[in-house]
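Numbering (the numbering used here), first residue to last: 12 to 699.
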């Protein structure tokens, strides 16, 4: 009998708790209480930020990553300054969690107190006009077959994103053509000579990047122009994916086009390096898009497609791929579709199993797995990185010496932190909607995108700065466009609804949020501002009558095999021709050459192989790898060394500090044979 009474009391307590929570949720949903709820949330978030700051400042946390980085011999600005790079990610995630938790507790307490007032839990909402989303009874979005519209989308994307200079000019910066673009060509050239990726030549990117270029060589022959056409297609495909993601969530096709236009301005194709294309992030977002299509339609085939796309993303870029897998499974669990996860994993295996089998057969599987594990770990502990901009220092410098320059630096630092604040606001907002039973189907999609964006932004800590932030912000920019539309509609309806108390302060708050969104977008358009600047230049040139035939006074064709139609600045073109022609005339296809320190485009242009596993000296990221680099140079002495220092001069760490043993080896075994300005040919001593 006691047991029954106890069970009954427990049941009554649970029932009362449920009723109490429903009353609190109704109070939170009441538009009359919205102002107080927002203020309490802001107060809680402020307390959370202050608490996080104090914890960072006062609680000593030893950086195991810094110790590991120094142990394995990683050389970077962050490691040299003994900066604990691995703690940035810890502070990032813990700061979001602590601040959001305190803000949610504050909002819940506010709703609890308000619920005690008379009629506070009466649900009073805005009379917002219902959007015609053309939803079927199953919840699937039925889009009318407007063939003109579907033809319009690729035409608009092509018109906005096409730039003739992207295909025919080697103009942007030395590190672009000679380095970042050139290394992909060099890897493809090594594969064409029979080497296996990761085992014989080490890449920091997914195998699809290099093997897709190898396929192009097999189909069309080696040509920079063909490579750049393929690279543009990846940009184009990325824009298509982003558009349909907008379309799936917005429903409004014209607003989707407007949002896509802003996205293209920010990610306009400038650098023809595969790892810089929008497809890198969009490949992961495509898997989310298929999950969303499943949520809309219930068609199980979309789960399979999502898995396949996540697998492709994983093979193209391991960071985007891993995040895509985690995000898709998160959305499936959030939408209570646990039972569909095995189907997703099956789809994931479809592209992975053949790839892993290939690496197993060629003896490269262990090298590939090591790449999947070690390289992300090295990035997280300081590889190629510098300390994240310090907001406190920027404020202090500005206050001590106010000027235009220090003010600009402060604004840049604020722009660096903008995504973190934006993600925090969105995380709190969506969590409140979930807690207070205001959850809609589209909120699941937005939460999935937010989850992807928060994880993907962690990559920005690998190389801190505005350029890396922007590179890791495609999900964030999509979310910003979504938030602008929703906030604009909400602010408009609040100011037009006279029954809402505190409507002027509420309108002011939403207006401030819109201003915050605009400031972030404008900030990333201005800094670094490379893509937007070239977008508007290209747009104005498109209306020129001689757009396709326009000649440049400072550019000339390189005029060598594999780069016939590519133009470069006069100085570049001349010494590239001289170097490539000399190497081709004085070596055979079996001879090794070594491009030192970091201009690997010469391997492709000369059609010669690298004697080491490292396409650049900085790919030898640990002390053991640098020893391996030196031993391979000593064992396979290259016939010639191309000492070209366009790119080397821009390196943050002097080459003498990175590989002093390699420089000693070169000085001991090579003499200067030819001097072509910024490129010198060094010949092996004793070679006839």
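We treat Cβ as the ideally placed atom computed from N, Cα and C, and that holds for glycine.
Using the DSSP secondary-structure output, state which residues sit across from residue 208 in a beta bridge. Locating residue 208 in the chain shown gives position 197, where the first residue counts as 1. Beta-bridge pairing links residue 208 to 212.
First and last residue of the uninterrupted alpha helix (DSSP H) at residue 287: Against the chain shown, residue 287 aligns to sequence position 276. Residue 287 -> no alpha helix (DSSP H), and no H or E assigned at all.
Would DSSP call residue 577 helix, strand or coil? As a first step, residue 577 is located in the chain shown; it is residue number 566 there, counting from the start. Three-state DSSP puts residue 577 in coil, outside helix and strand.
DSSP state of residue 141 mapped onto helix, strand, coil: Your numbering for residue 141 matches position 130 in the chain shown. Bear in mind that a pLDDT of 40 at residue 141, under 50, signals an unreliable position, so the number given afterwards is only what the model happens to contain. In the structure shown, residue 141 sits in coil (DSSP, three-state: anything other than H, G, I, E or B).
Can you tell me whether residue 678 is helix, strand or coil according to DSSP? Walking along the chain shown from the start, residue 678 turns up at place 667. Helix, per DSSP.
What are the start and end residues of each continuous alpha helix (DSSP H) run of 4 or more residues lying completely inside the segment 428-471, in chain order? Uninterrupted alpha helix (DSSP H) stretches at least 4 residues long and entirely within the segment 428-471 occur at 452-468, given in chain order.
Would you list, in sequence order, the uninterrupted alpha helix (DSSP H) runs of no fewer than 4 residues that lie entirely inside the segment 355-402? Taking 4 residues as the shortest admissible run, the segment 355-402 contains the following complete alpha helix (DSSP H) segments, listed from N- to C-terminal end: 376-391.
Terminal residues of the alpha helix (DSSP H) in which residue 222 lies: Taking the chain shown and counting its residues from 1, one reaches residue 222 at position 211. Segment 218-231, the alpha helix (DSSP H) holding residue 222.
Do you know offhand how far residue 394's Cα is from residue 541's? The residue labelled residue 394 in the question sits at position 383 within the chain shown. The residue labelled residue 541 in the question sits at position 530 within the chain shown. Taking the straight line joining both Cα atoms gives about 25 Å.
Between residue 453 and the rest of its own chain, which residues show a CB-CB distance below 8 Å, the 5 nearest in sequence each way excluded? Looking up residue 453 in the chain shown gives position 442. Excluding sequence neighbours, residue 453 sits near 260.
Counting pairs of Cβ atoms below 8 Å between the segment 334-342 and the segment 462-472, do you hit three or more? With three or more CB-CB distances shorter than 8 Å, the segment 334-342 counts as touching the segment 462-472.
Using 8 Å as the threshold, is the segment 346-358 in touch with the segment 276-292, meaning 3 or more CB pairs across them? no
Using 8 Å as the threshold, is the segment 508-517 in touch with the segment 33-50, meaning 3 or more CB pairs across them? In this structure the segment 508-517 lies against the segment 33-50, because at least three pairs of beta carbons, one per stretch, are closer than 8 Å.
C-alpha gap between residue 143 and residue 521, whole angstroms: The sequence position of residue 143 within the chain shown is 132, counting from 1. The sequence position of residue 521 within the chain shown is 510, counting from 1. Residue confidence for residue 143 is low, a pLDDT of 42 falling below 50, so the modelled location carries little weight and cannot support an answer.
Quick check on this structure: which residue in 380, 171, 610 has the alpha carbon closest to the alpha carbon of residue 280? Reading the chain shown from its first residue, position 269 is the one you call residue 280. Here the closest residue by C-alpha is 171.
Could you give the first and the last residue of the continuous alpha helix (DSSP H) run that contains residue 61? Your numbering for residue 61 matches position 50 in the chain shown. Its alpha helix (DSSP H) spans residues 45-69.
Quick test of the definition: if touching needs 3 or more C-beta pairs under 8 Å, does the segment 514-534 touch the segment 61-72? no
Which residues in the same chain have their Cβ closer than 7 Å to the Cβ of residue 417, if we skip the five residues on either side of it in sequence? As a working note, residue 417 is residue 406 in the chain shown. Result list for residue 417: 408, 409, in chain order.
Taking the alpha-carbon positions, what's the residue 691 to residue 585 distance? The count along the chain shown starts at 1 and reaches residue 691 at position 680. The count along the chain shown starts at 1 and reaches residue 585 at position 574. Residue 691 and residue 585: Cα-Cα distance of roughly 13 Å.
Under 8 Å between the Cβ atoms of residue 252 and residue 296? If you number the chain shown from 1, residue 252 lands on position 241. If you number the chain shown from 1, residue 296 lands on position 285. Closer than 8 Å, so yes.
Inter-residue Cα distance where the pair is residue 366 and residue 169: Reading the chain shown from its first residue, position 355 is the one you call residue 366. Reading the chain shown from its first residue, position 158 is the one you call residue 169. Their Cα atoms are separated by approximately 32 Å.
Nearest-angstrom Cα distance between residue 236 and residue 222? Counted from its first residue, the chain shown places residue 236 at position 225. Counted from its first residue, the chain shown places residue 222 at position 211. For residue 236 and residue 222, the distance between alpha carbons rounds to 17 Å.
Just list the residues that DSSP pairs residue 568 with in beta bridges. Walking along the chain shown from the start, residue 568 turns up at place 557. Residue 568 is bridged to 578.
Could you tell me which of 693, 687, 684 sits nearest to residue 674, measuring between CA atoms? Sequence index remark: in the chain shown, residue 674 carries index 663 (1-based). Nearest C-alpha to residue 674: 693.
Whole-angstrom distance between residue 216 and residue 587, CA atom to CA atom: Counting from 1 along the chain shown, the entry for residue 587 is found at position 576. Counting from 1 along the chain shown, the entry for residue 216 is found at position 205. Approximately 27 Å, taken between the alpha carbons.
Is the beta carbon of residue 193 closer than 8 Å to that of residue 580? Residue mapping note: residue 580 aligns to position 569 of the chain shown, counting from 1. Residue mapping note: residue 193 aligns to position 182 of the chain shown, counting from 1. Contact flag unset, no.
Between which two residues does the alpha helix (DSSP H) containing residue 314 stretch? Against the chain shown, residue 314 aligns to sequence position 303. Residues 312-327.
Who are the Cβ neighbours of residue 110 in its own chain at under 7 Å, not counting the five residues just before and after it? In the chain shown, the residue the question calls residue 110 occupies position 99. Excluding sequence neighbours, residue 110 sits near 56, 59, 60, 63, 435.
What does the Cβ neighbour count give for residue 93, buried or exposed, with the cut at 16 atoms within 10 Å? Walking along the chain shown from the start, residue 93 turns up at place 82. Flag for residue 93 reads exposed.
Looking at residue 298: is its Cβ nearer than 8 Å to the Cβ of residue 320? Taking the chain shown and counting its residues from 1, the one referred to as residue 298 is at position 287. Taking the chain shown and counting its residues from 1, the one referred to as residue 320 is at position 309. In contact: residue 298 and residue 320 (Cβ atoms closer than 8 Å).
Tell me the rounded alpha-carbon separation between residue 72 and residue 353. Position 61 of the chain shown holds residue 72. Position 342 of the chain shown holds residue 353. If you take the alpha carbons of residue 72 and residue 353, they lie about 39 Å apart.
Helix, strand or coil for residue 651? Go by DSSP, reduced to three states. Numbered from 1 along the chain shown, position 640 holds the residue referred to as residue 651. Here residue 651 sits in strand by DSSP.
With which residues is residue 163 paired in a DSSP beta bridge? Your numbering for residue 163 matches position 152 in the chain shown. The partner list for residue 163 (beta bridge, DSSP) is empty, contrary to what the question assumes.
Using CA coordinates, which residue listed in 518, 196, 526, 119 is at the minimum distance from residue 46? Your numbering for residue 46 matches position 35 in the chain shown. Closest by alpha carbon: 518.
Neighbour-count burial assignment, residue 679, 16 or more Cβ in a 10 Å radius: Within the chain shown, the letter at position 668 stands for residue 679. Exposed: under 16 other Cβ atoms inside 10 Å.
Residue 608 by DSSP, collapsed to three states: which one? Residue mapping note: residue 608 aligns to position 597 of the chain shown, counting from 1. Three-state result, residue 608: strand.
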